[in-house]
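Heads up: the structure comes next, in structure tokens.
Numbering (this note's numbering), first residue to last: 1 to 127.
Shown next as structure tokens:
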């Protein structure tokens with residue numbers, strides 16, 4: 001990945017290298033790891049980690065509630081003044097682990113400086 005971000009185009013992988021790597025990854029995944037037990041183990045560990053870090057239903061409800069509060073603060077104040085009888089049966093009770101429409105609660109939403117320790121001196125050059 002760092003090679004793709006290199007400011008010097010000569011150090012970046014070409015299209016063929018990139019396609020070959022993607023194809024290798026895809027084949028490794030789709031052939032059910034038949035040729036490499038090490039790759040199989042890596043996929044299984046990553047999948048186990050992913051599933052163990054899925055948010056719970058209550059976390060999803062909190063996130064969506066906070067998201068709504070940020071979108072329409074005036075409306076949220078009105079909602080708080082009148083109790084909602086349908087809180088237990090709202091549309092967020094069911095959690096679909098394959099639904100990726102919302103981001104992970106530990107995702108970073110704010111802008112931040114990138115680690116530029118790998119950036120070469122070529123950035124100062126005029127194009």
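C-beta: ideal position from N, C-alpha, C; glycine also.
In this model, residue 22 and residue 30 are separated by some 12 Å (Cα to Cα). Distances from the CA of residue 28 to each of 19, 17 and 40 were compared; the closest alpha carbon is that of 40. For the pair residue 9 and residue 19, the Cα-to-Cα distance works out to about 17 Å. In the displayed model, residue 56 falls within coil according to three-state DSSP, outside both helix and strand. Around residue 6, the same chain offers 12 as residues with beta carbons nearer than 6 Å, after the five sequence neighbours per side are excluded.
Apart from the 5 residues on each side of it in sequence, residue 3 sits with its Cβ closer than 7 Å to the Cβ of 11, 12 and 13 in its chain, given in chain order. Each residue's CA atom was taken as its position, placing residue 66 and residue 51 some 24 Å apart. Under the three-state reduction of DSSP output, residue 7 falls in the coil class, being neither helix nor strand.
A straight line joining the alpha-carbon of residue 71 with that of residue 56 spans about 23 Å.
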